[in-house]
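One structure is given here, and the rest of the page talks about it.
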């Protein structure tokens, strides 16, 4: 069981990283979006943000350097990432289960980071291995892990019930949504149950982390706890290849769609990209567009399909 647990963790982490890199490349290579043209954007100067303005207001703006207000972006991003501010404002009924689910995940991720730090750093600096700091650290990541698993499972259960009973979510709910939530509930539930049910001689979280770094096969891992770890590793590997990778998409949605106010100057990168896009031959089924796969976007954009029909 110990060897299988180690292989599952390493494989899950590797596949997760590969999947995330693949998603980033996929989103980064997509064509330029249509501008939202909604102002202000958070990286504008504070005085312009106050009245909903933009650097486009200034005379000869194309001749002046742009300055980004990264603090303004962080003021929007952090509340959205940590507290789902947009969901709180626009769909408060869904906010409670979603917040519980996501915040529980954040606590679990934080606990995993602390476990890795607690297992790896003493190996690099053996003289510090007996420090009382590691006892305190172990207490912190245990509390975070317990709270994270409990909160996340509770949120997943509430989301499952909401999707199953709320008619407003019917059109947005597919079998995969239920499967994903059950996957989280079962994986985290098994980890928690196995950890609490293990004997004193069985390896704990810190023991598994240290054994993972040393590839120590002498550890005894509780079968139920080991199964939970294996399923959790499989879940991590699965996430980047599903719509649950929206944590990656969200970055591009904000920075490359909602907040993209780069100037389209003559001879610039946007102009050359759009020139390339105009050569694409769309095959949309909507008859009013006239995208039959023979015309390129330039032809479609310069043709009035309504006039052609009248002819």
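Numbering (the working numbering), first residue to last: 1389 to 1699.
We treat Cβ as the ideally placed atom computed from N, Cα and C, and that holds for glycine.
Computed from a predicted model, the values in this text were never measured in an experiment.
Assigned exposure category for residue i - 16 Cβ within 10 Å defines buried
i, result
"residue 1455", "exposed"
"residue 1621", "buried"
"residue 1406", "exposed"
"residue 1393", "buried"
"residue 1449", "exposed"
"residue 1699", "Low confidence applies here, because residue 1699 scores a pLDDT of 48, under 50, leaving its location unreliable and the question unanswered by this model."
"residue 1536", "buried"
"residue 1580", "buried"
"residue 1477", "exposed"
"residue 1481", "exposed"
"residue 1529", "buried"
"residue 1607", "buried"
"residue 1512", "exposed"
"residue 1400", "buried"
"residue 1549", "exposed"
"residue 1576", "buried"
"residue 1672", "exposed"
"residue 1432", "buried"
"residue 1426", "exposed"
"residue 1533", "buried"
Spatial neighbours of residue i in its chain, beta-carbon cut-off 8 Å, leaving aside the 5 residues before and after
i, result
"residue 1411", "1628, 1633, 1636 and 1637"
"residue 1463", "1430"
"residue 1661", "1419 and 1420"
"residue 1494", "1470 and 1536"
"residue 1675", "1693"
"residue 1506", "1522, 1525, 1526, 1529, 1594 and 1597"
"residue 1563", "none"
"residue 1689", "1666"
"residue 1568", "1630 and 1632"
"residue 1467", "1473"
"residue 1691", "1678 and 1683"
"residue 1442", "1427, 1428, 1429, 1432, 1436 and 1649"
Beta-carbon contacts of residue i that lie in its chain and below 7 Å, excluding the five residues immediately before and after
i, result
"residue 1542", "1488"
"residue 1609", "1389, 1390, 1393, 1590, 1591 and 1596"
"residue 1600", "1394 and 1397"
"residue 1565", "1551"
"residue 1491", "1539"
"residue 1403", "1625"
"residue 1640", "1415"
"residue 1483", "1472, 1475 and 1476"
"residue 1645", "1421 and 1424"
"residue 1485", "1543, 1546, 1547 and 1550"
"residue 1619", "1574, 1575 and 1578"
"residue 1585", "1610 and 1612"
"residue 1461", "1430 and 1431"
"residue 1440", "1427 and 1428"
Close-in-space but distant-in-sequence residues of the same chain around residue i (CB under 6 Å, 5 per side omitted)
i, result
"residue 1649", "1429"
"residue 1572", "1544"
"residue 1582", "1610, 1612, 1613 and 1616"
"residue 1561", "1551"
"residue 1651", "1450"
"residue 1658", "1652"
Can you list the alpha helix (DSSP H) stretches of 4 or more residues lying completely in the stretch 1581-1630, in chain order? 1593-1602 and 1611-1626
Could you give the uninterrupted runs of the beta strand (DSSP E) lying entirely in the stretch 1422-1460, keeping only those of 3 residues or more? none
In the stretch 1510-1562, which residue ranges form an unbroken alpha helix (DSSP H) of at least 4 residues, counting only runs that do not cross its ends? 1521-1553
Any contact of the stretch 1586-1601 with the stretch 1539-1557, i.e. 3+ C-beta pairs under 8 Å? no
Given 8 Å, three or more beta-carbon pairs between the stretch 1516-1531 and the stretch 1496-1503: yes
Any 3 or more C-beta pairs closer than 8 Å across the stretch 1683-1690 and the stretch 1657-1675: yes
Could you tell me which whole alpha helix (DSSP H) segments of length 4 or greater appear in the stretch 1459-1516? 1473-1478 and 1480-1512
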